[in-house]
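**Q** Residues in the sequence shown are numbered from -15 upward in steps of one, following the numbering used here.
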Amino acid sequence: MDDRTDITAQFADGAQYVAGGLRPGTSGRTHRVVDPATGEAVHEFELAGPADVDAAVAAAKEALPGWAGATPAERSEAMHRFAAVLAERAEELAAAESLQCGKPIRLSSGFDVPGTVDNTAFFAGAARVLEGRAGGEYSADHTSYVRREPIGVVGSIAPWNYPLQMAAWKVLPAIAAGNTIVLKPSELTPLTSLMFARAATDAGIPDGVVNVITGAGPDAGERLVGHPDVAMTSFTGSTAVGRRVAELALGTVKRIHLELGGKAPFVVFDDADPEAAAHGAVAGSLINTGQDCTAATRAYVQRPLFDAFVEQVAALFERVRLGDPFDPLTDLGPLVSHAQRDRVAGFVDRARAAGATVVAGGEAPAGD
């Protein structure tokens, strides 16, 4: 599917998915989703403000008793239907994912979308086998037991590097356990999160169980994390923002889950195959255009293999094909935004200034 103009037509009513339908945001500000490969705006929408967050949380709170009261079998069956709807829409989801974040279509269609479908099927099964510790008689004339209950409304904030899969990883475990959720994707990449939520509704998951608000962090994100009716918050992103999320969550003593920035070393010992190690390092550093918390950002190589390893890595980098994300032969798509491109170019500039030797590449591609 390469009909890029039609992908965004389904969001004409707005980019806030609340209680089973789209609506515009009320912040008074708009945002453009930009195709990183061309620099062209593909969709413009009204950003969410605090009132939109309140509406989404209210919808989730209203849906909570019914969804939490459903049997595990009922939730499981609904989520299996959810997986089937996602599978039916795989081509459209892959195209939207590549359009909004520049991910090569080969990756979107071969990894992100199938992974999301599989995750949905997995949690559909997990919904029926929730476990707890066994109880016992720990005090005379008293019996203790464990009863699992949903936490309540979950507020989750997802990043832009894996928009669809991050939506799945935030939403699926929450709803499998009987919670309802309000998800805030990055305003850079909201399209597949909205499509994911609509697929949940179309699969028969009740209105209000899955809600998506698309807004900026200071307006929508902070309101979501600090909302008194949100019982748990989950955030994936930078350490600096994670600290702020923790501060806001502390004010309402809610449960919190943080996945923050990582630095992944690639270690090569002197008994390794240099060619195999080089292939692993290049693949590990370029997956998702390097926008990955486990990307191999640096390599530690034992001295006897160092020269051979560098030579192999340089040769492999020269063979990497940078191009149109919708070309199935493309290995490497664009970074998600101009700001991210400039940030990465800055890494190279600082490395050069510190005395690093460039053996391949070293310049940002020409063009806007």
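Every residue gets a Cβ at the ideal spot worked out from N, C-alpha and C, and that includes glycine.
Buried or exposed for T55, going by 16 or more other Cβ atoms inside 10 Å?
**A** T55 is exposed by the Cβ-count criterion.
**Q** Excluding the five sequence neighbours on either side, which residues of its own chain have a C-beta within less than 6 Å of the C-beta of S93, listed in chain order?
**A** For S93, where only same-chain residues beyond five positions count, the Cβ hits under 6 Å are A78.
**Q** First and last residue of the beta strand (DSSP E) that includes V69?
**A** Note, V69: premise wrong, no beta strand (DSSP E); alpha helix (DSSP H) at 56 to 72.
**Q** Classify F95 as helix, strand or coil using the three-state DSSP reduction.
**A** Correct three-state label for F95: helix.
**Q** Under 7 Å: does the beta carbon of L77 sit that close to some heavy atom of the ligand COA?
**A** Here there are no bound small molecules, and the ligand COA is not part of this structure.
**Q** How about V175 and V2: do their beta carbons lie closer than 8 Å?
**A** As written in the sequence, residue 175 is Leu, which differs from the Val given in the question. No.
**Q** Please classify H211: is it buried, with 16 or more other beta-carbons within 10 angstroms of its beta-carbon, or exposed?
**A** Classification for H211: buried.
**Q** Alpha carbons only, please: which of R228, L156, S177 is nearest the one belonging to I197?
**A** The option with the nearest alpha carbon to I197 is S177.
**Q** Roughly how many angstroms separate the alpha carbons of T223 and R59, rounded to a whole number?
**A** Distance between the alpha carbons of T223 and R59: 34 Å.
**Q** Give me the Cα-Cα distance between A338 and V214, rounded to the nearest whole angstrom.
**A** For A338 and V214, the distance between alpha carbons rounds to 47 Å.
**Q** Who pairs with H263 in a beta bridge, going by DSSP?
**A** Its beta-bridge partners do not exist; DSSP assigns none.
**Q** Whole angstroms is fine: what's the gap from A299's alpha carbon to G317's?
**A** Their Cα atoms are separated by approximately 19 Å.
**Q** Helix or strand or just coil, what does DSSP make of G274?
**A** It is helical.
**Q** From E61 to A108, what distance separates their C-alpha atoms?
**A** Straight-line Cα distance between these residues: approximately 7 Å.
**Q** Which partner residues of K238 appear in the DSSP bridge assignment?
**A** According to DSSP, K238 bridges with nothing at all.
**Q** Give the straight-line distance between the Cα atoms of S218 and N145, rounded to the nearest whole angstrom.
**A** Their backbone Cα atoms lie some 16 Å apart in a straight line.
**Q** Could you tell me which of Q324, A142, A(-1) sits nearest to T220, measuring between CA atoms?
**A** Comparing Cα-Cα distances from T220 to each of Q324, A142, A(-1), the minimum goes to A142.
**Q** By how many angstroms is the C-alpha of I165 removed from the C-alpha of G9?
**A** Each residue's Cα considered, the two are about 18 Å apart.
**Q** Count the other CB atoms, across all protein chains shown, that sit within 10 Å of the CB of V138; report buried if there are 16 or more and exposed otherwise.
**A** The residue in question, V138, is buried, as its Cβ has 16 or more Cβ neighbours within 10 Å.
**Q** Okay, do the region 189 to 209 and the region 67 to 74 touch, 3+ Cβ pairs below 8 Å being the bar?
**A** Verdict: no, contact absent.
**Q** Hey, how far is the Cα of P258 from the Cα of L91?
**A** P258 and L91: Cα-Cα distance of roughly 26 Å.
**Q** Is A151 closer than 8 Å to F180 when the C-beta atoms are compared?
**A** For F180 and A151, yes; Cβs fall inside 8 Å.
**Q** Alpha carbon to alpha carbon, how far is T104 from Q286?
**A** Cα-Cα distance, rounded: 42 Å.
**Q** Are L148 and E206 closer than 8 Å when you measure CB to CB?
**A** Contact: no.
**Q** Go ahead and label A348 buried or exposed: buried means 16 or more other beta carbons lie within 10 angstroms of its beta carbon, across all protein chains shown.
**A** The residue is exposed, with fewer than 16 neighbouring Cβ atoms inside 10 Å.
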